[in-house]
Amino acid sequence: SQQGEEDPQALSIQEGENATMNCSYKTSINNLQWYRQNSGRGLVHLILIRSNEREKHSGRLRVTLDTSKKSSSLLITASRAADTASYFCATVNQAGTALIFGKGTTLSVSS
Amino acid sequence: DVKVTQSSRYLVKRTGEKVFLECVQDMDHENMFWYRQDPGLGLRLIYFSYDVKMKEKGDIPEGYSVSREKKERFSLILESASTNQTSMYLCASSLMGAGVNEQFFGPGTRLTVL
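If you read the protein sequences in the order shown, they are chains A and B. Read in order, the letters of the first sequence correspond to residues 7 to 117 in the numbering used here. Read in order, the letters of the second sequence correspond to residues 82 to 195 in the numbering used here.
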């Protein structure tokens with residue numbers, strides 16, 4: 007019951023460049039969340055954007071949400087090697103009881 | 082500092098063994114979740130619990146059971162481990178209202194079944 011799909015699957019950039027990853031989902035949502043996972047570790051919550059918001063910022067992160075297109079994007083500006091990780095979007099399942107995660111975008115930032 | 086801990090980072094078990102994975106959270110969260118993560122498949126929800134002694138099946142509950150006797154502890158049980166249960170297992174917790182609150186994850190348990 008995959009809800010969110012991230013794109014691209016993998017992204018390689020140089021330090022200082024911006025990284026953009028996208029998430030598409032299928033059903034209507036109340037909010038969408040983004041998480042980061044460093045290799046072999048648990049996920050860490052980055053940001054939550056509500057359905058009535060179009061854009062949200064947190065430090066070097068900028069998230070947009072387009073409910074008409076059922077899509078969201080995560081932009082990391084001025085990337086650093088420490089941003090190397092997998093990034094997941096998550097939406098609520100139809101029962102409203104749990105999050106469904108996409109398969110993730112693997113970001114590699116080289117110095 | 083909020084914390085979700087899992088009993089083991091790495092675990093190796095034999096086919097047919099009964100396996101217990103323990104998860105403890107110190108945030109007084111109502112909801113707790115067990116996921117497995119496999120390459121190319123992302124995170125898949127196995128079971129979740131929204132209260133003590135309550136449990137709900139997720140997307141892939143077959144071959145697993147859970148126990149939640151205390152609010153802070155959520156156990157995942159593999160009754161008879163099989164090689165296709167080799168995976169990374171992640172526990173998470175959240176406040177009531179799973180869809181509107183962030184989930185806090187443990188570091189994961191990498192289980193290998195031989």
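Think of the CB as a built atom: it goes at the ideal place given N, C-alpha and C, for glycine as much as any other residue.
Practice task
Can you give me the Cβ contacts of B/Asp107 inside the same chain, cut-off strictly under 6 Å, excluding the 5 residues immediately before and after it?
Solution key: In the second sequence, residue 107 of chain B corresponds to position 26, counting from 1. Lys84, listed in sequence order.
Problem - Contacts that A/Gln39 makes with chain B (C-beta to C-beta distance below 7 Å) - result: Numbered from its first residue, the first sequence carries residue 39 of chain A at position 33. Those are Glu183, listed as they occur along chain B.
Exercise for the section: Return yes when the Cβ of A/Leu113 is within less than 8 Å of the Cβ of A/Thr119, no when it is not. Expected result: Since the first residue shown for chain A is 7 and the last is 117, residue 119 of chain A is missing from the structure and cannot be characterised.
Practice task
Indicate whether the contact test is met: 3 or more Cβ pairs, each with one atom in the stretch 21-38 of chain A and one in the stretch 89-103 of chain B, closer than 8 Å.
Solution key: no
Exercise for the section: Give every residue of the same chain whose Cβ lies closer than 7 Å to the Cβ of B/Met177, excluding the five residues on either side of it in the sequence, and list them in chain order. Expected result: Residue numbering aside, residue 177 of chain B sits at position 96 when the second sequence is read from its first letter. Once the five neighbours on either side are set aside, the close Cβ partners of B/Met177 are Glu111 and Asn112.
Problem - Complete runs of the alpha helix (DSSP H) confined to the stretch 20-107 of chain A [at least 4 residues] - result: none
Exercise for the section: Verify the CB distance criterion: does B/Glu103 have a CB-CB separation below 8 Å to chain A? Expected result: Taking the first residue of the second sequence as 1, we reach residue 103 of chain B at position 22. B/Glu103 does not count as touching chain A.
Handout entry: Contacting residues, own chain, Cβ-Cβ under 7 Å from B/Leu126 (five flanking each side not counted)
Key = Here residue 126 of chain B corresponds to residue number 45 of the second sequence, with the count starting at 1. Sequence-distant Cβ neighbours of B/Leu126 in its own chain, meaning closer than 7 Å and more than five residues away, are Phe114, Tyr116, Gly139 and Asp140.
Practice task
Would you be able to state if there are at least three C-beta pairs under 8 Å between the stretch 56-74 of chain A and the stretch 187-195 of chain B?
Solution key: no
Problem - Three-state secondary structure (DSSP) of B/Thr167 - result: For the purposes of this step, residue 167 of chain B is taken as the residue at position 86 of the second sequence. Three-state result, B/Thr167: coil.
Exercise for the section: Would you tell me roughly how many angstroms separate the C-alpha atoms of B/Met186 and A/Ala16, rounded to the nearest one? Expected result: Reading the second sequence from its first residue, position 105 is the one you call residue 186 of chain B. Reading the first sequence from its first residue, position 10 is the one you call residue 16 of chain A. For the sequence presented, residue 186 of chain B should be read as Phe rather than Met. Their Cα atoms are separated by approximately 23 Å.
Practice task
State the Cα-Cα distance for the pair A/Thr26 and A/Asn58, rounded to the nearest angstrom.
Solution key: Numbered from 1 along the first sequence, position 20 holds the residue referred to as residue 26 of chain A. Numbered from 1 along the first sequence, position 52 holds the residue referred to as residue 58 of chain A. A/Thr26 and A/Asn58 have their C-alpha atoms spaced approximately 22 Å apart.
Exercise for the section: Inspect the beta-carbon positions of A/Arg42 and B/Pro188 and report whether they are closer than 8 Å. Expected result: Sequence index remark: in the first sequence, residue 42 of chain A carries index 36 (1-based). Sequence index remark: in the second sequence, residue 188 of chain B carries index 107 (1-based). No, Cβ-Cβ distance for A/Arg42 and B/Pro188 is not below 8 Å.
Practice task
For B/Thr164, I'd like the list of residues in its chain whose CB is within less than 8 Å of its CB, leaving aside the five on either flank, ordered along the chain.
Solution key: In the second sequence, counting from the first residue as 1, residue 164 of chain B sits at position 83. These residues qualify, in order along the chain: Thr96, Val194 and Leu195.
Handout entry: Residue environment, B/Thr86, which counts as buried when at least 16 other CB atoms sit within 10 Å
Key = Residue 86 of chain B sits at position 5 when you count from the first residue of the second sequence. Classification of B/Thr86: exposed, given that the 10 Å Cβ count is below 16.
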